[in-house]
Every structure is written in C-alpha cells, then in structure tokens.
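Engineer: Structure in structure tokens, see below.
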Amino acid sequence: MLADYSVALAASFLGHDEDAKVLFERASKWRLLFDAKSKGGIKRGIPGFFRPVLKNGSFASPFDALSWGGQKGEYTEASPYQYRFYVPYDPSGLASAYGSSAQMCAALEEMMTLPATFRKGNWGLHHEQVEMVENCFGEYEHNNQPVHHVLYMAKGAGCPSLGQKWLRVATEVLYNEKVGFSGDEDNGEMASWFVLSALGLYQLVPGTPYYEIGSPLFEKAEITLPNKAKISIVAPGNTRDTPYVASVSWNGVPLHGLRVNYTDLQDGGQLYFNMTSDPKQAEEFYAVSLSSESQYS
Numbered sequence: 007m008l009a010d011y012s013v014a015l016a017a018s019f020l021g022h023d024e025d026a027k028v029l030f031e032r033a034s035k036w037r038l039l040f041d042a043k044s045k046g047g048i049k050r051g052i053p054g055f056f057r058p059v060l061k062n063g064s065f066a067s068p069f070d071a072l073s074w075g076g077q078k079g080e081y082t083e084a085s086p087y088q089y090r091f092y093v094p095y096d097p098s099g100l101a102s103a104y105g106s107s108a109q110m111c112a113a114l115e116e117m118m119t120l121p122a123t124f125r126k127g128n129w130g131l132h133h134e135q136v137e138m139v140e141n142c143f144g145e146y147e148h149n150n151q152p153v154h155h156v157l158y159m160a161k162g163a164g165c166p167s168l169g170q171k172w173l174r175v176a177t178e179v180l181y182n183e184k185v186g187f188s189g190d191e192d193n194g195e196m197a198s199w200f201v202l203s204a205l206g207l208y209q210l211v212p213g214t215p216y217y218e219i220g221s222p223l224f225e226k227a228e229i230t231l232p233n234k235a236k237i238s239i240v241a242p243g244n245t246r247d248t249p250y251v252a253s254v255s256w257n258g259v260p261l262h263g264l265r266v267n268y269t270d271l272q273d274g275g276q277l278y279f280n281m282t283s284d285p286k287q288a289e290e291f292y293a294v295s296l297s298s299e300s301q302y303s
C-alpha cells in the first residue's frame with residue numbers, strides 16, 4: 007500500500023488525476039487489515055496488529071504476532087510485530103486506529119522494550135531472527151528493512167520525544183565497532199539509514215518533498231551538494247545525554263512540524279538544532295511548531 011501511495015503522488019504530479027484517485031483510495035484500505043483488538047498472543051501486550059483477511063472480510067485465524075512469516079507467508083522476512091506500524095504515509099490515521107495517540111505511542115515503546123523473541127512460523131529459521139536477538143533490542147528488527155521507518159512514526163503519532171530517544175539509541179547501539187551493521191547491507195540500506203539518521207534527517211514517505219527531523223548524532227556536519235551548495239548541520243553541545251530536539255530551524259526560521267522541504271535543502275543553508283536532555287521541551291516545541299503559520303512547511 008505504500009507503493010500505491012507513492013505512485014499516486016507521482017500520478018498526481020504528472021496530472022493523471024484519475025489514476026491518482028484510484029491509487030490513493032487503494033492505499034487507504036490499510037484500515038481493512040488492521041485489527042485494533044488483537045494482542046496476537048502477547049498476554050500483557052498492547053492490542054493492534056495488521057492481519058490477513060479472508061474473502062468474507064473476517065480476520066484469518068489463528069494469529070500469532072511473533073510468528074515469522076505468519077501462517078501462510080503473509081509477512082515477508084518478519085513477524086506481524088515488525089509490520090504493526092507499516093503505514094508511514096498515515097501515522098496520525100494509524101494512531102486513531104489504535105484508539106489514541108497515547109495508545110500508539112505505548113505500542114511503539116513496547117516494541118523497543120519487549121524481550122527479543124520469535125517463533126519460526128511459515129518463514130522457518132533464518133539469519134534475520136538470530137540477528138534481531140543478538141544485535142538489536144526488543145522486537146525492533148533493525149537488521150532488516152521492515153522496521154526502518156518505525157522510529158520516525160513516533161512524531162506523527164504525537165510523541166516525537168519517544169522517537170528521538172530511540173533514534174539516538176539505534177544510531178549508537180546498532181552501529182559500532184562490536185556490531186558493525188546489525189544485518190544485511192542490502193543495496194546500501196543500513197549505511198544510508200545511519201548517515202541520514204546521524205544527520206538528523208530522514209525521508210519517511212517516498213515521493214513526498216519532505217525530510218523528517220530526527221535526532222542528530224554530531225555537533226556539526228557539513229554536506230556539499232552536487233550543485234556546490236552546502237548544508238551545515240549544527241547542534242552545539244550535543245551529547246549522548248541530549249537526544250531531544252528543544253528547537254530546530256532552517257536558516258534561522260523554526261521548522262513547522264519537525265520537517266524540512268527538500269527544495270529548501272537543495273539551495274543550501276544551515277539546519278540549527280538546540281538539543282536537550284528534557285523530553286518535555288521536545289514535546290512543547292513540536293506542539294508550538296504545529297500551531298505556527300510563519301514557519302517553513
């Protein structure tokens with residue numbers, strides 16, 4: 007459905023409005039696959055998973071959230087748990103499906119803190135399960151692609167500080183001299199995720215003109231673009247203890263909604279972060295940024 011959404015954006019840009027309408031509508035049907043009530047066999051877990059649906063509209067059973075591949079191969083290289091946030095183009099809609107922003111944020115936190123475990127399911131035993139248990143944390147299978155968007159979903163769910171906290175953990179724990187890459191370096195996926203996240207930027211939805219703001223790893227970084235323009239990313243005093251974004255601006259203008267337009271980046275400039283150890287400051291800045299109309303959007 008993500009492919010439908012991204013192709014719909016391209017169709018809309020090209021003026022193929024009818025095609026875009028069909029694809030946008032198809033992309034919205036993720037709600038038919040989401041079961042807000044199921045815990046997937048996790049007794050004290052938070053309900054809410056994507057499940058296969060039968061022709062009669064009912065959810066297929068049995069359902070085990072930790073079964074890799076599902077019962078009949080419905081989940082690729084992961085279990086239902088890794089796919090439970092797989093609507094990167096509609097995080098606020100997913101939060102509504104969970105029942106509230108707080109509920110989805112709690113589910114995201116649960117993913118990071120559950121004991122790392124799996125059941126073979128249709129997928130059998132492959133290196134992905136072993137790498138998740140040995141190299142990663144919780145059910146966050148960073149060693150494979152299905153979860154690489156997850157930490158950037160927290161902002162849209164209404165808890166940006168949660169995403170910033172775990173992004174800092176991921177960039178420090180999942181990329182180091184001991185681990186190297188936590189899994190397959192498929193087509194540069196692992197390295198590019200790290201480079202972007204370490205800079206504090208990430209394109210959550212292919213086809214959109216925005217980069218989401220995360221949690222930069224360094225105090226200063228500079229990028230020279232093909233057009234010779236330079237992007238300076240500055241976060242004075244940034245340390246391991248300051249993963250939260252107290253404020254962020256592009257060329258002196260506070261960013262709306264913790265995102266920056268790709269077109270603006272192409273012209274070069276300065277992305278300036280004030281980092282903090284206080285998650286409340288991050289939440290407050292995000293709330294204020296959403297209410298302002300004078301910022302970059």
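Sequential numbering from 7 applies to the sequence shown in our numbering.
Beta carbons: idealized from backbone N, C-alpha and C, even for Gly.
From a predicted model like this one, the values you see are computed outputs, not experimental measurements.
Can you give the Cα-Cα distance for A101 and A112, rounded to whole angstroms?
Structural biologist: As a first step, residue 101 is located in the sequence shown; it is residue number 95 there, counting from the start. As a first step, residue 112 is located in the sequence shown; it is residue number 106 there, counting from the start. Computed Cα separation, rounded: 11 angstroms.
Engineer: Would you please state the rounded distance, in angstroms, between the beta carbons of P249 and R174? I believe it to be under 8 angstroms.
Structural biologist: Residue mapping note: residue 249 aligns to position 243 of the sequence shown, counting from 1. Residue mapping note: residue 174 aligns to position 168 of the sequence shown, counting from 1. Their Cβ separation, rounded to whole angstroms, is 4 angstroms, which keeps P249 and R174 in contact under 8 angstroms.
Engineer: Report the option in M281, T282, T269, V254 whose CA atom is closest to the CA atom of S295.
Structural biologist: Taking the first residue of the sequence shown as position 1, residue 295 is located at position 289. Comparing Cα positions, the closest option is V254.
Engineer: Determine the direct distance from the alpha carbon of M138 to that of L5, and round the result to whole angstroms.
Structural biologist: Past the boundaries of the shown model lies residue 5; the chain is included only from 7 to 303, so the question cannot be answered.
Engineer: Nearest-angstrom Cα distance between E228 and K184?
Structural biologist: Counting from one through the sequence shown, the residue named residue 228 turns up at place 222. Counting from one through the sequence shown, the residue named residue 184 turns up at place 178. In this structure, the straight-line span from the alpha carbon of E228 to that of K184 is close to 27 angstroms.
Engineer: Quick check on the DSSP output: what are the complete alpha helix (DSSP H) runs of length 4 or more inside the region 180-257, in order along the chain?
Structural biologist: With a minimum length of 4 residues, the continuous alpha helix (DSSP H) runs that stay inside the region 180-257 are 195-205.
Engineer: Confirm, please, whether the CB-CB distance from S73 to S85 is below 8 angstroms.
Structural biologist: Counted from its first residue, the sequence shown places residue 85 at position 79. Counted from its first residue, the sequence shown places residue 73 at position 67. Cβ atoms of S85 and S73: closer than 8 angstroms.
Engineer: Excluding five sequence neighbours on each side, which residues of the same chain lie with their C-beta closer than 6 angstroms to the C-beta of E289?
Structural biologist: Here residue 289 refers to the residue found at position 283 of the sequence shown. Counting only Cβ-Cβ distances below 6 angstroms, and skipping sequence neighbours, we find S167.
Engineer: For the candidate residues G127, E140, G105, whose alpha-carbon lies nearest to that of P121?
Structural biologist: As a working note, residue 121 is residue 115 in the sequence shown. The shortest C-alpha separation from P121 is found at E140.
Engineer: On the three-state DSSP scale, how would you describe S73?
Structural biologist: Stepping through the sequence shown from its first residue, residue 73 is reached at position 67. Strand at S73.
Engineer: Out of G220, L271, G258, which one is the CA nearest neighbour of A235?
Structural biologist: To locate residue 235, count along the sequence shown from 1; it is residue 229. Out of G220, L271, G258, L271 has the C-alpha closest to the C-alpha of A235.
Engineer: Assign K171 to one of two classes, buried (16 or more other C-beta atoms within 10 Å of its C-beta) or exposed (fewer than that).
Structural biologist: Along the sequence shown, read from residue 1 onward, the residue named residue 171 stands at position 165. Classification of K171: buried, given that the 10 Å Cβ count is 16 or more.
Engineer: Looking only at C-alpha atoms, which of R50, L261, D247 sits nearest to I219?
Structural biologist: Taking the first residue of the sequence shown as position 1, residue 219 is located at position 213. The shortest C-alpha separation from I219 is found at L261.
Engineer: In chain order, what residues of the same chain have a beta carbon less than 7 angstroms from the beta carbon of E80, not counting five sequence neighbours either side?
Structural biologist: Your numbering for residue 80 matches position 74 in the sequence shown. So the list reads P58, once near-sequence residues are dropped.
Engineer: With DSSP as the reference, please indicate the residues paired to T282 in a beta bridge.
Structural biologist: As a first step, residue 282 is located in the sequence shown; it is residue number 276 there, counting from the start. Paired residue(s): Y250.
Engineer: Considering only DSSP beta bridges, list what Y95 is partnered with.
Structural biologist: Numbered from 1 along the sequence shown, position 89 holds the residue referred to as residue 95. Per DSSP, none; premise fails for Y95.
Engineer: Who are the Cβ neighbours of T123 in its own chain at under 7 angstroms, not counting the five residues just before and after it?
Structural biologist: Sequence index remark: in the sequence shown, residue 123 carries index 117 (1-based). Cβ within range, chain order: L72.
Engineer: Round the Cβ separation of S98 and G162 to the nearest angstrom and send it over; I've been treating them as touching at under 8 angstroms.
Structural biologist: Taking the first residue of the sequence shown as position 1, residue 98 is located at position 92. Taking the first residue of the sequence shown as position 1, residue 162 is located at position 156. Their Cβ separation, rounded to whole angstroms, is 5 angstroms, which keeps S98 and G162 in contact under 8 angstroms.
Engineer: Using CA coordinates, which residue listed in V156, V259, D190 is at the minimum distance from Y208?
Structural biologist: Taking the sequence shown and counting its residues from 1, one reaches residue 208 at position 202. The option with the nearest alpha carbon to Y208 is V156.
Engineer: Need the endpoints of the beta strand (DSSP E) that V266 sits in, please.
Structural biologist: Indexing the sequence shown from 1 puts residue 266 at position 260. Residues 265-267.
Engineer: Assuming the contact rule is C-beta atoms closer than 8 angstroms, M117 and Y146 should be a hit. Round their C-beta distance to whole Å, please.
Structural biologist: One-based indexing of the sequence shown puts residue 117 at position 111. One-based indexing of the sequence shown puts residue 146 at position 140. Confirmed, about 6 angstroms.
Engineer: Give a yes or no on whether the C-beta atoms belonging to P232 and N267 are separated by under 8 angstroms.
Structural biologist: On the sequence shown, residue 232 is found 226 positions in, with the first residue counted as 1. On the sequence shown, residue 267 is found 261 positions in, with the first residue counted as 1. No, Cβ-Cβ distance for P232 and N267 is not below 8 angstroms.
Engineer: Restricting to runs no shorter than 4 residues, where is the alpha helix (DSSP H) found entirely within the region 137-181?
Structural biologist: The DSSP assignment places complete alpha helix (DSSP H) segments of no fewer than 4 residues inside the region 137-181 at 159-163, 166-179, in order along the chain.
Engineer: Who are the near neighbours of G76 in its chain, counting only those whose CB is closer than 7 angstroms to its CB and skipping five residues on each side?
Structural biologist: Position 70 of the sequence shown, counted from the start, is the residue given in the question as residue 76. The answer, listed in chain order, is P58, P86, G127, N128.
Engineer: Which residue wins for smallest C-alpha separation from R265, given the options G243, V211, A16, R50?
Structural biologist: In the sequence shown, residue 265 corresponds to position 259, counting from 1. Minimum Cα distance to R265 is reached at V211.
Engineer: Using 10 angstroms around the beta-carbon of T230, count the other beta-carbons present and answer buried if the total reaches 16, otherwise exposed.
Structural biologist: On the sequence shown, residue 230 is found 224 positions in, with the first residue counted as 1. With fewer than 16 other Cβ atoms within 10 Å, it is exposed.
Engineer: Going straight from the alpha carbon of Q301 to that of V259, what length do you get?
Structural biologist: Counted from its first residue, the sequence shown places residue 301 at position 295. Counted from its first residue, the sequence shown places residue 259 at position 253. With a pLDDT of 42 at Q301, under the threshold of 50, the modelled position of that residue is not reliable, and no figure is offered here.
Engineer: Using the three-state DSSP reduction, which class does R125 fall into: helix, strand or coil?
Structural biologist: As a working note, residue 125 is residue 119 in the sequence shown. In the structure shown, R125 sits in a strand (DSSP, three-state: E or B).
Engineer: I need the straight-line Cα distance from Y158 to G169, nearest angstrom please.
Structural biologist: What you label residue 158 is simply residue 152 of the sequence shown in a count that begins at 1. What you label residue 169 is simply residue 163 of the sequence shown in a count that begins at 1. Using only the alpha carbons, I get a separation of about 6 angstroms.
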